[in-house]
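Novice:
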Amino acid sequence: MIFFNNVTKQYDNGTIALDNINFFIDKGEFVFIVGSSGAGKSTITKLILCEEKPTSGTILINGIDVGGLKHREMPYYRRQLGMVFQDFRLLPNKTVYDNIAFAMQVRGATNREIRRAVPNVLSMVGLSGKAKVRPHELSGGEQQRVALARAMVNNPPVLIADEPTGNLDPATADGIMQLLEDINKRGTTVLTVTHAKDIVNKMKKRVVEISNGKIIRDEVGGYCCEL
Amino acid sequence: MSFRSIKYFIKEGVKSFALNGLMSMASVVTVSLCLVLFGVYLLFSMNLNYAASQVEAGYEIQLYIEETADSDDIQAVKSALMSIENVNSIEFVSKGEALKEWNEKFGGDAEFLEGLEDDNPLRDSFKVSFKDLSLTEETISQIEKIKMVAKVTNNQVVVDKLVGITTNVQKVSFWLMVFFAVISVFIISNTIRITVFARRREVNIMKFVGATDWFISCPFVIEGIIIGFIGALTAMLIVSQAYGYFISEVGLVIEENINIYDLSSVFWVLFGSLIGMGVVLGASGSGVSLRKHLYV
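First to last, the protein sequences are chains A and B.
Quick note: the first sequence, position 120, residue 196 per our numbering, numbers continuous.
Quick note: the second sequence, position 63, residue 168 per our numbering, numbers continuous.
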């Protein structure tokens with residue numbers, strides 16, 4: 077599903093963010109990528125999202141060679157990924173419903189498909205009553221739920237969550253992680269990049285730890301790194 | 106492309122046009138300035154071609170015959186003329202008729218023509234028109250070789266001068282137009298750049314949910330087109346008013362010799378060209394900007 081094969085990323089300023097990284101994530105797995113700031117976690121997300129190209133090595137996502145994608149192929153590739161970010165990235169001038177519908181509209185979905193899918197996904201994240209509300213009227217946890225709903229509305233095979241609980245209090249964060257686990261149980265591969273120790277310890281999933289651009293630990297277990 | 110998308114594109118385009126108030130206005134003004142010049146250029150060209158076709162259609166030379174010629178000589182000249190390939194029509198003007206023409210031309214002021222009936226100083230002549238005007242010079246030199254032909258008058262010089270002046274005006278207005286077109290594209294692209302910047306968050310989100318470049322840029326292109334369209338309407342208003350004034354004030358003077366188009370017969374050509382040009386300018390302006398600031 078997600079395969080990093082000898083991936084090295086060196087930025088133009090000479091910084092080596094990732095140094096010969098190898099890992100494989102199977103379909104349906106739930107994986108944490110952990111590490112301190114500057115360890116190279118966000119470079120991994122950037123490479124998966126195709127915001128950056130690897131300096132060497134190959135990245136295969138769902139059978140697609142991400143490094144070799146042409147500019148015009150990227151949108152179609154990105155439609156296979158659901159994405160959630162620390163800062164939610166919702167459109168402030170659109171309602172919750174429209175924010176989610178937008179992700180479908182962009183892909184050319186019909187009105188009928190949108191009307192069917194949006195309420196479904198809203199009830200999945202427990203926000204059925206908030207369809208007509210604007211993001212700023214919601215709590216942080218609710219906003220992240222909307223973002224999750226948007227990420228999942230097109231049923232992507234892979235969900236990438238970049239610090240999904242970074243802006244949330246512990247109780248709310250637990251709720252979001254529970255939701256990610258539910259999504260994972262439905263068959264979606266979930267990759268969560270985080271440095272939230274408590275959450276990683278609680279979930280007891282596979283943990284890939286990165287330090288100075290190298291993988292220093294890759295095992296299923298409850299504990300997190302020394303952050 | 107669904108109806109929902111089209112509605113979305115137009116709504117977003119209109120919205121950011123309105124939000125960008127001052128910049129949008131500046132762009133509209135430059136576009137309309139450019140299009141006013143384009144309109145002037147267009148009207149000039151159309152009327153020049155029209156005038157040229159009139160001049161060509163009525164173009165003829167006049168050849169005068171030696172005073173000593175008798176009617177046999179005149180007949181000989183006539184048949185010689187008819188044998189020239191490029192000659193289209195021949196009209197004989199006797200010196201009596203020529204004098205009458207003069208009398209008509211100068212009307213009551215023609216005191217200096219009095220008493221000439223008995224001793225007519227004018228000469229018999231032929232008015233000759235040609236089939237192919239590009240061969241004018243060669244044909245004239247052929248005619249000059251005919252016996253008893255005294256002189257050939259040719260208003261080619263006047264025509265050349267007229268055409269020369271108007272083509273110069275045409276050239277200047279063309280280059281001014283190009284200059285303003287470049288400026289328009291530049292200013293529109295700047296306006297669109299501001300919009301793109303103001304909405305970079307949104308653009309970013311669109312990219313992450315898998316929007317194609319085309320989908321992302323459509324609203325911006327529409328904003329550019331709106332600028333071009335409004336600029337074109339403004340320019341149309343200015344040019345049509347100015348042309349109407351021109352016809353009513355100056356047109357009369359010209360019209361005695363050459364007809365020019367009235368407003369109603371050029372209105373739709375002008376309207377279509379200005380709108381088309383405005384839309385092209387607007388779209389290319391936003392295109393320039395999008396290429397620079399969107400596709401990273």
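Positions of the beta carbon are idealized from the N, C-alpha and C atoms, including for glycine.
As the structure is a prediction and not an experimental result, all values here were calculated from the model.
1) Opposite Ile-321 (chain B) in the DSSP bridges: which residues?
2) Does the CB of Lys-312 (chain B) have a neighbour CB from chain A at under 9 Å?
3) Alpha carbon to alpha carbon, how far is Gly-126 (chain B) from Val-182 (chain A)?
4) Using a cut-off of 9 Å between C-beta atoms, extract the partners of Ala-237 (chain A) located in chain B.
5) Using 8 Å as the threshold, is the region 307-316 of chain B in touch with the region 151-159 of chain A, meaning 3 or more CB pairs across them?
6) Pick out whichever of A:Leu-198, A:Val-83, A:Leu-255 has its Cα sitting closest to the Cα of Ser-132 (chain A).
7) Does Phe-302 (chain B) get closer than 9 Å to chain A when you measure Cβ to Cβ?
8) Classify Phe-122 (chain B) as helix, strand or coil using the three-state DSSP reduction.
9) Under 8 Å: do the region 288-306 of chain B and the region 328-340 of chain B share three or more Cβ pairs, one atom per stretch?
10) Going by DSSP, which residues form a beta bridge with Thr-84 (chain A)?
11) Taking any Cβ of chain A, which residues in the region 314-339 of chain B have a Cβ under 8 Å from it, in chain order?
12) Where does the unbroken alpha helix (DSSP H) through Asp-174 (chain A) begin, and where does it stop?
13) Are there 16 or more other CB atoms within 10 angstroms of the CB of Thr-119 (chain A), so buried, or fewer, so exposed?
14) Considering only DSSP beta bridges, list what Gly-158 (chain A) is partnered with.
15) Span of the beta strand (DSSP E) holding Leu-379 (chain B)?
16) Exposed or buried, Met-130 (chain B), counting other C-beta atoms within 10 Å across all chains shown (16 or more means buried)?
17) Return the Cβ separation of Gly-383 (chain B) and Leu-140 (chain B) in integer angstroms, given the expectation that the two are a contact with Cβ distance under 8 Å.
18) So, under 8 Å CB-CB, Val-276 (chain A) and Phe-108 (chain A) are touching, yes? Tell me the CB distance rounded to an integer number of Å.
19) Could you have a look at Glu-206 (chain B) and say whether DSSP puts it in helix, strand or coil?
20) Short of 7 Å in beta carbon distance, which residues of its chain neighbour Tyr-348 (chain B), apart from the five on each side in sequence? Order them along the chain.
21) Please identify the residue among B:Val-308, B:Gly-336, B:Tyr-350, B:Asn-295 whose C-alpha is closest to the C-alpha of Leu-379 (chain B).
22) Report the residue from B:Val-182, B:Ile-332, B:Phe-143, B:Asn-154 whose alpha carbon sits nearest the alpha carbon of Ala-388 (chain B).
23) Are Met-151 (chain B) and Val-355 (chain B) touching if we call contact CB-CB under 9 Å?
24) On the premise that Val-209 (chain A) lies in contact with Leu-166 (chain A), defined as a C-beta separation below 8 Å, what is that separation, rounded to the nearest angstrom?
25) Suppose you measure from the CA of Trp-207 (chain B) to the CA of Ser-234 (chain B); what does that come to, to the nearest Å?
26) Taking C-beta pairs closer than 8 Å, name the residues in chain B that Met-228 (chain A) reaches, listed in chain order.
27) Is the CB-CB distance between Ile-170 (chain B) and Phe-231 (chain B) below 9 Å?
28) Using 9 Å as the limit for Cβ to Cβ distance, is Val-182 (chain A) near chain B?
29) Can you name, in chain order, every residue of its own chain whose Cβ lies under 6 Å from the Cβ of Ala-272 (chain A), other than the five neighbours on each side?
30) Taking the alpha-carbon positions, what's the Glu-243 (chain B) to Val-254 (chain B) distance?
31) Nearest by alpha-carbon distance to Val-234 (chain A): which of A:Pro-211, A:Thr-264, A:Lys-206, A:Gly-217 is it?
32) Please determine, among A:Asn-196, A:Val-172, A:Asp-250, A:Asp-245, the residue with the shortest C-alpha to C-alpha distance to Gln-219 (chain A).
33) Residues in its own chain within less than 8 Å of Lys-256 (chain B) by CB, not counting five upstream and five downstream?
34) Roughly how many angstroms lie between the CA atoms of Leu-198 (chain A) and Pro-168 (chain A), to the nearest whole one?
35) From the DSSP output, which residues share a beta bridge with Gln-167 (chain B)?
36) Nearest by alpha-carbon distance to Pro-226 (chain B): which of B:Lys-205, B:Lys-236, B:Glu-209, B:Asp-237 is it?
Specialist: Reading from the atomic positions:
1) Your numbering for residue 321 (chain B) matches position 216 in the second sequence. Answer by DSSP bridge pairing: none, since Ile-321 (chain B) is not bridged.
2) Locating residue 312 (chain B) in the second sequence gives position 207, counting from the first residue. Yes, because at least one Cβ of chain A sits closer than 9 Å to the Cβ of Lys-312 (chain B).
3) Locating residue 126 (chain B) in the second sequence gives position 21, where the first residue counts as 1. Locating residue 182 (chain A) in the first sequence gives position 106, where the first residue counts as 1. Rounded to whole angstroms, Gly-126 (chain B) to Val-182 (chain A) spans 28 Å at the Cα level.
4) By one-based count along the first sequence, residue 237 (chain A) stands at place 161. Neighbours of Ala-237 (chain A) in chain B, taken as residues at a C-beta separation under 9 Å, are lacking, since the least C-beta distance is about 13 Å.
5) Verdict: yes, contact present.
6) Walking along the first sequence from the start, residue 132 (chain A) turns up at place 56. Measuring from the Cα of Ser-132 (chain A), the nearest candidate turns out to be A:Val-83.
7) Taking the first residue of the second sequence as 1, we reach residue 302 (chain B) at position 197. It does not; no Cβ of chain A falls within 9 Å.
8) Taking the first residue of the second sequence as position 1, residue 122 (chain B) is located at position 17. Residue state, collapsed to three classes: helix.
9) The region 288-306 of chain B vs the region 328-340 of chain B: in contact.
10) Along the first sequence, read from residue 1 onward, the residue named residue 84 (chain A) stands at position 8. Note: Thr-84 (chain A) sits in a beta bridge opposite A:Ser-132.
11) From the region 314-339 of chain B, only Val-314, Gly-315, Ala-316, Thr-317, Asp-318, Phe-320 have a Cβ closer than 8 Å to chain A.
12) For the purposes of this step, residue 174 (chain A) is taken as the residue at position 98 of the first sequence. Where Asp-174 (chain A) is concerned, the enclosing alpha helix (DSSP H) stretches over 172-181.
13) As a first step, residue 119 (chain A) is located in the first sequence; it is residue number 43 there, counting from the start. Burial call: buried.
14) Mapped onto the first sequence, residue 158 (chain A) falls at position 82. Listed as beta-bridge partners of Gly-158 (chain A) by DSSP are A:Leu-235.
15) Here residue 379 (chain B) is taken as the residue at index 274 of the second sequence, counted from 1. First-last for Leu-379 (chain B): 368-398, but that is the alpha helix (DSSP H), not the beta strand (DSSP E).
16) Looking up residue 130 (chain B) in the second sequence gives position 25. Met-130 (chain B) should be labelled exposed.
17) The count along the second sequence starts at 1 and reaches residue 383 (chain B) at position 278. The count along the second sequence starts at 1 and reaches residue 140 (chain B) at position 35. The Cβ separation is near 6 Å, so the contact holds.
18) Here residue 276 (chain A) corresponds to residue number 200 of the first sequence, with the count starting at 1. Here residue 108 (chain A) corresponds to residue number 32 of the first sequence, with the count starting at 1. Contact annotation, Val-276 (chain A) with Phe-108 (chain A): C-beta distance approximately 5 Å; criterion of less than 8 Å satisfied.
19) As a position in the second sequence, residue 206 (chain B) is number 101, starting the count at 1. The three-state reading of DSSP puts Glu-206 (chain B) in helix, counting H, G and I together.
20) On the second sequence, residue 348 (chain B) is found 243 positions in, with the first residue counted as 1. Answer for Tyr-348 (chain B): Leu-148, Leu-368, listed in chain order.
21) Here residue 379 (chain B) refers to the residue found at position 274 of the second sequence. Checked all of B:Val-308, B:Gly-336, B:Tyr-350, B:Asn-295; the closest Cα to Leu-379 (chain B) is B:Gly-336.
22) For the purposes of this step, residue 388 (chain B) is taken as residue 283 along the second sequence, with counting starting at 1. Taking Ala-388 (chain B) as reference, the option from B:Val-182, B:Ile-332, B:Phe-143, B:Asn-154 with the minimal CA-CA separation is B:Ile-332.
23) For the purposes of this step, residue 151 (chain B) is taken as residue 46 along the second sequence, with counting starting at 1. For the purposes of this step, residue 355 (chain B) is taken as residue 250 along the second sequence, with counting starting at 1. It is not a contact, given that the beta carbons lie outside the stated cut-off.
24) The residue labelled residue 166 (chain A) in the question sits at position 90 within the first sequence. The residue labelled residue 209 (chain A) in the question sits at position 133 within the first sequence. That pair is no contact at about 11 Å.
25) Sequence index remark: in the second sequence, residue 207 (chain B) carries index 102 (1-based). Sequence index remark: in the second sequence, residue 234 (chain B) carries index 129 (1-based). A direct Cα-Cα distance of roughly 21 Å separates Trp-207 (chain B) from Ser-234 (chain B).
26) Position 152 of the first sequence, counted from the first residue, corresponds to residue 228 (chain A). Within 8 Å Cβ-Cβ: nothing; Met-228 (chain A) doesn't reach chain B, min ~12 Å.
27) Here the question's residue 170 (chain B) lines up with position 65 in the second sequence. Here the question's residue 231 (chain B) lines up with position 126 in the second sequence. Yes, these two residues count as a Cβ contact at 9 Å.
28) Along the first sequence, one-based indexing puts residue 182 (chain A) at 106. Interface flag for Val-182 (chain A) against chain B is set, since a Cβ pair is found closer than 9 Å.
29) Counting from 1 along the first sequence, the entry for residue 272 (chain A) is found at position 196. When the five nearest sequence neighbours on each side are left out, the beta carbons in the same chain lying within less than 6 Å of the beta carbon of Ala-272 (chain A) are those of Thr-241, in order along the chain.
30) Numbered from 1 along the second sequence, position 138 holds the residue referred to as residue 243 (chain B). Numbered from 1 along the second sequence, position 149 holds the residue referred to as residue 254 (chain B). Answer to the nearest angstrom: the Cα atoms are 16 Å apart.
31) If you number the first sequence from 1, residue 234 (chain A) lands on position 158. Nearest to Val-234 (chain A) by C-alpha distance, out of A:Pro-211, A:Thr-264, A:Lys-206, A:Gly-217, is A:Thr-264.
32) Start at 1 with the first residue of the first sequence, and residue 219 (chain A) comes out as number 143. When only C-alpha atoms are compared, the closest one is A:Val-172.
33) Locating residue 256 (chain B) in the second sequence gives position 151, counting from the first residue. Taking Lys-256 (chain B) as the centre and dropping the five residues before and after it, the same chain places the C-beta of Leu-168, Tyr-169 closer than 8 Å to its C-beta, in chain order.
34) Here the question's residue 198 (chain A) lines up with position 122 in the first sequence. Here the question's residue 168 (chain A) lines up with position 92 in the first sequence. Roughly 18 Å separates the two Cα atoms.
35) The residue labelled residue 167 (chain B) in the question sits at position 62 within the second sequence. Looking at the DSSP output, Gln-167 (chain B) sits in a beta bridge with B:Lys-232, B:Thr-258.
36) Within the second sequence, numbered from 1, the residue matching residue 226 (chain B) stands at position 121. Per the Cα distances, B:Lys-205.
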